[in-house]
Structure formats: C-alpha cells, structure tokens
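Structure first, commentary second.
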Amino acid sequence: MLKERTLTITPDALDSMITDYHWMVNAIKEMRAEMVIGAKTAQYGIEATLSKAAGGVGDPIMQEAIRRSKNIKRVAEYEKKLLEVQKLIERVAGDREVQVLNWMLDGKSQRWIGQHMALSATSIKRIKDNIVKQMIA
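Position 31, counted from 1, in the sequence shown is what full-length UniProt numbering calls 31; the numbers after and before it change by one each time, with no gaps.
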C-alpha cells in the first residue's frame, strides 16, 4: 500500500496558493477547454510557400502542439496546488475562518470580505494568518 505523499508547504507558499486559488481554477477550466478544441492552424496561399524562420519549428501545427504541451504541464502544476489547498481546508475551524477562507477561494479581496463582515482589513489579515496557521499545523 502506498502512503499518500503531501508537499511540505511554507506559510508564505500556502498564503499565495489561497490567494491564487480562484484564478488557477479559472485558468485550468480555460486551458482544458482549449486542449479539447484542438489545433486548427493552417496556412494557405502565399503564406504556405514562404520560407520559415531559421532555428525554429516551421510547422504551425507543431508550434501549437508545443505550446499546448506546456499548457498541460502548467495545468498539472495548478491542479497539484489546488489539491493541496483542498486537502488542508478540513483543518480550518471557526465560523469566521471558514467564511473568510471560502470567500478568498471564491476570489473575493480582503477589502471586500472586510466590508461584508463589518471588519477592518487588519482583522481580515489576522483571520487569514490564523487560517494559514491552522492549515499548516
């Protein structure tokens, strides 16, 4: 039986992953949709007969395949980070902390959260720091 391996995450890295969570989810959705559509680049007419740049791949389909291959790696990196955050969510205790975390994961700013909870930005920052401590512990 293989033991599930978790990353060693620093508080700063976790803080960043929480802050970036929302845009990473959206980026994964968009990149996955793009991967499904497939490359549709083709050259016709005079463009097809012109010489290609030296030192690079002249085939536009190959260039697109290379670009998408890099996107696949990026998606995998984002998914790894999202899964780490999702595994640690269960450690967060306290109604305020859970609500702040959920709003942060939804992409709300600390200022927005503070306004909707009638708390100062400093209080939201303290709550976020407490969330990170709970998740790391």
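Every residue gets a Cβ at the ideal spot worked out from N, C-alpha and C, and that includes glycine.
Skipping 5 residues on each side, what residues in its chain have a beta carbon closer than 8 Å to that of residue i?
| i | result |
| --- | --- |
| D106 | H22 |
| I18 | V85, L101, M104, L105, K128, I131, V132 |
| E34 | R68, N71 |
In its own chain, which residues sit with a C-beta less than 6 Å from the C-beta of residue i, not counting the 5 before and 5 after it?
| i | result |
| --- | --- |
| A39 | For A39, the pLDDT reaches just 45, beneath the cut-off of 50, and the residue's location in the model is therefore unreliable, although a value from the coordinates is still provided. Closer than 6 Å at the Cβ level, and outside the excluded window around A39, lie I61, E64. |
Helix, strand or coil: how does DSSP classify residue i here?
| i | result |
| --- | --- |
| G114 | helix |
| Q134 | helix |
| residue 138 | No answer is possible for residue 138: the residues shown for the chain start at 1 and end at 137. |
| G38 | Summary for G38: the model assigns pLDDT 49, below 50, so the residue's position carries little reliability; its value from the coordinates is reported in the next sentence. G38 falls in the coil class under three-state DSSP. |
| A93 | coil |
| S120 | coil |
Within the continuous alpha helix (DSSP H) that includes residue i, where are the two ends?
| i | result |
| --- | --- |
| A76 | 60 to 88 |
Between residue i and residue j, how many whole angstroms is the CB-CB distance? I'm expecting something under 8 Å.
| i | j | result |
| --- | --- | --- |
| I9 | Y78 | Rounded, the Cβ-Cβ distance is 15 Å, inconsistent with contact. |
| I124 | Q110 | 5 Å |
So, is the C-beta of residue i closer than 8 Å to a C-beta in chain C?
| i | result |
| --- | --- |
| G107 | Within the model displayed, chain C is absent; a lone protein chain is all it includes. |
Enumerate in chain order the residues of its own chain whose CB-to-CB distance from residue i is below 7 Å, with the five nearest sequence positions on each side excluded.
| i | result |
| --- | --- |
| M24 | Y78, K81, L82 |
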